[in-house]
Amino acid sequence: MTKAAIIRSTAADSALAAKLAREVSGDVFFDPFNRGRYATDASFYQIVPFGVVVPRTINEALRALAICRDDGRIVTPRGGGTSQCGQTVNDGIVIDLSKHLNKLISLDVENRTCIVEPGIVLDDLNRQLKKHGLWFPVDVSTASRATIGGMAGNNSCGGRSLRYGTMRDNTIAMDAALADGNLLNFGEVNSGDDAPALFRDMLALGEREATEIAERFPQVQRRVGGYNLDALTPRNTANNLAHLLVGSEGTLAFTTQVELKLWPLIGSKALGVCHFGSFYEAMDATQHLVKLKPIAVELVDRTMIALGRDIAMFQPIIKSAVRGDPDALLIVEFAEEDQAANAAKLKELGALMGDLGFGWNNPARKWGGVVDVTEPALQAGIAEFRAAGLNVMMSMKQDGKPVSFIEDCAVPLPHLADYTERLSAIFRKHDTTGTMYAHASEGCLHVRPVLNLKLDKDVKAMRAIAEEAFAMVREYKGSHSGEHGDGLVRSEFHAEMFGERIISDFAEVKHRFDPQNILNPGKIVDPPKMDDRSLFRYTPDYRVGELKTALDWSAWPGAGGGFQGAIEMCNNNGTCRKLEGGVMCPSYRATRDEKDVTRGRANTLRLAISGQLGPDALTSDAMADTMKLCVSCKACRHECPTGVDMAKMKIEVLSARVAKHGLTLRDRLVGYLPRYAALAARAAPLANLRNRSPLLRNLLERYAGISAKRSLPEWRSDVFHSDAEAVGPADGREVVLFADTFNRAYERENLDDALRVLTAGGYRVHLPKPVDRSSRALCCGRTFLSAGLIDQARAELDRLVATYAPFAARGVPIVGLEPSCLLTLRDELLSLRSDEMARSVSAHAMLFEEFLVREAEAGRLQLPLKPIAPKAIVHGHCHQKSFGAFKPVEQALRLIPDLKVETIESSCCGMAGAFGYGADTYDVSIQMAEASLLPAVRKADADTLIVADGTSCRHQIADGASRHALHVARVLAMSLDGAATNVHSSTLN
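In this text, residue positions in the sequence shown follow this note's numbering: the first is 224, and each later residue adds one.
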């Protein structure tokens, strides 16, 4: 069997690309790597586009549409690329509206309306509306990356449609261009109006087909299949033609702006987490719970709870909100006028559960009760967990994954329990299981059978399950398409759902709008078969040859010892495209390019290892460019619910590239820094001369790629060194202090002060010499890993493990100051060694603050701390956040009397080790810092302490804001002294 087809470019590509480039100032991509990145969405399909256009203005988008039409190329508009049914993939030209066409055009607060460009992200819109007390309430789970244009295309619904309705219910008007370039305003139209001929024809169709539409369209709110022909039927009020475009998936017209209905912000909320020992009983109870008029009732099943318990970011939420071992949860949300009214609703909910026969002490079938959640932070955490449902389900580390194809069915609530029970029986019939969660209040559960679509038998099972499930939905007079649209998955089933006459009407509408079939063909009308494997991400000839990898990927299946499986964990749902909150993905937040987001990199890696980008793609310059702006922040490791660890993957890619192409001078200077650090210290005045010489700055930029705009850390001649191998009370509790390269060579005060704090606390601090008795200090290998020098990193870690293992064996904590160095012992060490010594050292590795907080909570830490400053603002190192180690930083600082501690809500500082020093990455580094970190530092008054544990973070703050930032160890030492020095408040010259 041949390999998957290679994505190639042709002369025709170049000709059309040249035409588009002359008319569009934004990006025009016709190369294989970029086309490959736009070949997938969150569905299981992959169709490589002919090219990609990223217009800067609506006019440029329309010019691109005209050029493509004249060239005979189809056009597919694209927002966040998160559709689950293949709506945003096609083989023509993809026009990406998300990067530039994302503005709030106008806002009418009094009338609660706004007009937006189609590429605006829902969360971004709501951030702008919040200060006016308004929001757009179609709150889809992908709100952090879903665009309004895409939501209109799908007729999205969100979790609170019980109160607020669907996208259609909240769309007032749309401006859109037809394929022929004619720009129209789609809004309210009366049959007698002097309307455009197209509008009159549509209203005539609605009048002609009114009876058939009434008979064949399911009478449930969650019905988004096909075209909304019911918007065209005669009524006592005006027909809104925008509602025909809503749900049309970009097949009828090219949207240029959308007018939306807005709502007042929700004030107080309360959640009742209803527990059930029986899934069937939970589904049966839903029809009764909605009578209390909640704004949402969301299902979380046993599988999702179990998976969530294995994901670090969700563990505290589940521990707080889940009692016992439920088979299902129904999260009932109330939003009354005030908390007293919400409390009354929760009381009613508890009483209703009792009336339905549920109790905490009952047998399994009627076991259950309500956990009240009124604390906003926990409510937000539960909402985040529920919103991450798809990604949580996709976190299974196996070839089989929950597959979206019947996940959108909606049935009337009285049938919900029987529907889900029969559906589970269908799964068993086909030797699989399924996951179920989401919108119980609407009878629209996200149901996903676990299948491996690389196997022909599972593809056949998918079709059989789809046919049987949709037949059952029709039996219950439900809808086979309830929220996520039709796309390539469900369009072929419209005939059975609506009948041939309505299908003919759909075709008539499509032809009247788009007679040349230019706009996103193959969706809703004339679709391919949903199981056409030539359109799958994993085609029948998809293969990954054996790869030589350097790190341990054994937790995943596939080639390269599991490297393939780790890459394929990316399901394209696009969490990494969020623009605020958390850290992921700092490079995307700076550039807004698909190339620079975790999803884009994962797709590129998958295409490369499967041969679809040609030979040697993994070590190519295009791959190096794909990975260049990854700052190895490790945020995706923590924040991507499917656990895509791009920082680890980058190490693997760098290793392969170094093996093929060798090292650059810059890589040598960065990677081997620990090896020449002692020599640089002895010649510190000479080594630091570069910072004071414009000539040397320019020469180093020219030959080593280190930006002349940057100062480098100053080498110290008085590096940290201890002749004694242990200090502090002989009978004190033991601790090892890991003196990392950066603090030892550049900022020894941090280590000095850490020693002072630990000994003042009564600890016996070990500073062991390397077991090989080498004069070279211990190192974690971090710099070698950043250059792809894995063997050298392993050698350094071997020395460290051999030295520290005897201490770990007797339970002595190994404490470090630099997050990136210490946390290497908790992360990459275990990807290089799996022996007991390495695991023991890793298990005992702690950051300075983690150790102090643990000791304080155990009542063992006694430090005579005194007030030093009124306030401290803290920037968290990315790795601290990734490993759940940032909260102890705040807690350690709060040990200081009268110190108000505030966290800077920031992503990566942008320096990221050596990243910010690169001549080719300097500008992006500054963009990252200017997003939130540097403005917050500049706003801080002179008496406010600036705290940052990361060496590179402190350097970025000094360079960008002319402020000294301090490690927590220095702040605590100052508190021991009882007076702040002028270090924290000075402005750098």
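Glycine included, every Cβ here is placed at the ideal spot set by N, Cα and C.
Collapsed DSSP secondary structure at residue i in the structure displayed
i: P952; result: coil
i: K1123; result: strand
i: M224; result: Low local confidence applies: a pLDDT of 31 at M224 is under 50, so the model's placement there is unreliable, and no value is given.
i: E1153; result: helix
i: S237; result: helix
i: N377; result: helix
i: P487; result: strand
i: D314; result: coil
i: Q602; result: helix
i: I1180; result: helix
i: G591; result: strand
i: G1201; result: coil
i: C497; result: strand
i: L552; result: strand
i: M576; result: helix
i: T798; result: helix
i: N462; result: strand
i: E482; result: strand
i: N408; result: strand
i: V959; result: strand
i: A947; result: coil
i: H1207; result: With a pLDDT of only 41 at H1207, under the threshold of 50, the placement of this residue in the model should not be trusted; the figure read from the coordinates follows. If DSSP states are grouped into helix, strand and coil, H1207 belongs with coil.
i: K492; result: coil
Alpha-carbon spacing of residue i relative to residue j, whole angstroms
i: A633; j: A692; result: 11 Å
i: H944; j: A968; result: 10 Å
i: E432; j: M576; result: 45 Å
i: A1144; j: A1137; result: According to the sequence displayed, residue 1144 carries Thr and not Ala. Near 10 Å, if we compare the C-alpha coordinates of A1137 and T1144.
i: L1118; j: E862; result: 29 Å
i: M527; j: L1048; result: 31 Å
i: L345; j: K801; result: 10 Å
i: G547; j: H498; result: 9 Å
i: N1212; j: R913; result: Note that N1212 has pLDDT 33, beneath the 50 cutoff, so the model's placement of it is unreliable and no number is given.
i: S1155; j: E1128; result: 7 Å
i: T389; j: A396; result: 15 Å
i: E283; j: L385; result: 39 Å
i: R713; j: H703; result: 8 Å
i: M1234; j: G382; result: Residue 1234 cannot be examined here, being either before or after the span of the chain that is shown, 224 to 1212.
i: A1092; j: L1122; result: 6 Å
i: G373; j: A718; result: 25 Å
i: H1207; j: A1188; result: Annotation note: pLDDT 41 at H1207 (below 50); position unreliable, coordinate value reported separately. Their Cα atoms are separated by approximately 7 Å.
i: V881; j: L1008; result: 11 Å
i: T1204; j: D1166; result: With a pLDDT of 49 at T1204, under the threshold of 50, the modelled position of that residue is not reliable, and the figure given next carries that caveat. T1204 and D1166: Cα-Cα distance of roughly 11 Å.
Of the listed residues the options, nearest to residue i (C-alpha basis)
i: P1158; options: I1180, L1023, D250; result: I1180
i: D1164; options: M1151, R1177, S1185; result: S1185
i: S998; options: K514, P897, T299; result: P897
i: L485; options: A454, E521, V339, A465; result: V339
i: Y986; options: L877, I929, A977; result: A977
i: D218; options: D1166, P908, L922, T772; result: The requested residue 218 does not occur in the structure, where the chain is confined to residues 224 to 1212.
i: P211; options: F736, K568, P549, V593; result: There is no way to answer for residue 211, as the model of the chain reaches only from 224 to 1212.
i: S1063; options: T1026, L676, P1120, I1096; result: T1026
Extent of the continuous beta strand (DSSP E) run through residue i
i: I518; result: Premise fails: I518 is in no beta strand (DSSP E) and is neither H nor E.
i: K1094; result: 1094–1098
i: D250; result: 250–252
i: I436; result: Counting along the chain, I436 falls outside any beta strand (DSSP E), though it belongs to the alpha helix (DSSP H) covering 433–439.
Cβ of residue i within 9 Å of any chain B Cβ
i: P809; result: Checking the listed chains, one finds no chain B in this structure; it contains a single protein chain.
Start and end residues, alpha helix (DSSP H) containing residue i
i: N740; result: Premise fails: N740 is in no alpha helix (DSSP H) and is neither H nor E.
i: Y1027; result: 1013–1032
i: V867; result: Per DSSP, V867 belongs to no alpha helix (DSSP H) and is neither H nor E.
i: E897; result: The question names Glu, yet the displayed sequence has Pro at residue 897. Per DSSP, P897 belongs to the alpha helix (DSSP H) from 896–905.
Contact test: residue i Cβ vs the ligand ADP heavy atom, cutoff 8 Å
i: A1171; result: Absence of the ligand ADP from the depicted structure is noted, as is the absence of any ligand whatsoever, leaving it without description.
Is it a yes or a no for the region 618–629 touching the region 487–499, going by three-plus beta-carbon pairs under 8 Å?
no
How about the region 713–731 and the region 422–441: do they share at least three Cβ pairs that are nearer than 8 Å?
yes
For the region 244–261 and the region 269–280, state whether three or more C-beta atom pairs, one from each stretch, are separated by less than 8 Å.
yes
Check whether the region 544–559 touches the region 477–484, counting contact only when three or more Cβ pairs, one atom from each stretch, lie closer than 8 Å.
no
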